[in-house]
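In the working numbering, the protein residues as written are 1 to 179.
Even for Gly, the Cβ is constructed at its ideal location relative to N, Cα and C.
Some notes on the structure that comes next.
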């Protein structure tokens, strides 16, 4: 029980250190959950040991093991869900592909948006690739504006934007992709 009590302190303190960063980074959230689960397991050991010492009911030990299993599985289901999207290159939670597309369509000079893809590069960085039809494209000012707005409005940090100047090029590109 004393060793488990020390484990509560050490793992609890370590979990506390990770607590702040867990909201922004999935890896830190995983470390936080791991340390919090270790502290909970140690607490279960202390409680079970104390009850067994008082009552001599040894069956408390396996019951506490099942309680701990349920708590850990229930507590980590969200982490599992959050880690599936990056593994599948899905649009990160909190980013609306429809809103991003709507923003891009409404940028002055953009007449069409094609092949828009958004995915998480890591747990803290979002990438985007898109083809924009901009018939009057003369300089890169539009690219800088779009890059800055994507970062400011949608937290997209790695945009790759291809400017197409005429519809014929886009039609050729569509044929190449679909054919």
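How many Å lie between residue i and residue j at the Cα?
i           : j           : result
residue 176 : residue 150 : Confidence in residue 176 is poor, its pLDDT being 46 and thus under 50, which makes the residue's placement unreliable; the coordinate value appears in the next sentence. Distance between the alpha carbons of residue 176 and residue 150 is about 28 Å.
residue 140 : residue 30  : 41 Å
residue 85  : residue 148 : 25 Å
residue 126 : residue 158 : 6 Å
residue 95  : residue 143 : 20 Å
residue 108 : residue 145 : 10 Å
residue 138 : residue 22  : 44 Å
residue 83  : residue 32  : 15 Å
residue 49  : residue 66  : 15 Å
residue 123 : residue 55  : 48 Å
residue 26  : residue 87  : 12 Å
residue 129 : residue 117 : 5 Å
residue 104 : residue 81  : 29 Å
residue 167 : residue 121 : 31 Å
So for residue i, helix, strand or coil by DSSP?
i           : result
residue 8   : helix
residue 115 : strand
residue 177 : Low local confidence applies: a pLDDT of 46 at residue 177 is under 50, so the model's placement there is unreliable, and no value is given.
residue 125 : coil
residue 94  : coil
residue 21  : helix
residue 137 : coil
residue 3   : helix
residue 110 : coil
Taking the CB atoms as reference points, tell me whether residue i and residue j lie closer together than 9 Å.
i           : j           : result
residue 132 : residue 161 : yes
residue 35  : residue 4   : no
residue 135 : residue 111 : yes
residue 28  : residue 13  : no
residue 199 : residue 8   : Nothing about residue 199 can be read from this structure; the chain reaches only from 1 to 179.
residue 113 : residue 99  : no
For residue i, which residues of its own chain have a beta-carbon under 7 Å away from its beta-carbon, when the five flanking residues on both sides are left out?
i           : result
residue 11  : 35, 38, 39 and 42
residue 2   : none
residue 52  : 58, 60 and 61
residue 89  : 119
residue 154 : 95 and 100
residue 76  : 33
Looking at the secondary structure, which residues open and close the alpha helix (DSSP H) in which residue i lies?
i          : result
residue 86 : 60-87
residue 44 : 26-55
For residue i, which residues in the same chain have their Cβ closer than 6 Å to its Cβ, ignoring the five residues on either side in sequence?
i          : result
residue 68 : 41 and 44
How would you write the range of the beta strand (DSSP E) that residue i sits in, first residue to last?
i           : result
residue 162 : 156-164
Apart from the five residues just before and just after residue i, which ones in its own chain have a Cβ nearer than 8 Å to its Cβ?
i          : result
residue 72 : 37, 40 and 41
Is any heavy atom of the ligand ADP found at a distance shorter than 8 Å from the C-beta of residue i?
i         : result
residue 7 : With respect to the ligand ADP, the structure shown offers nothing to examine, as it has no ligands at all.
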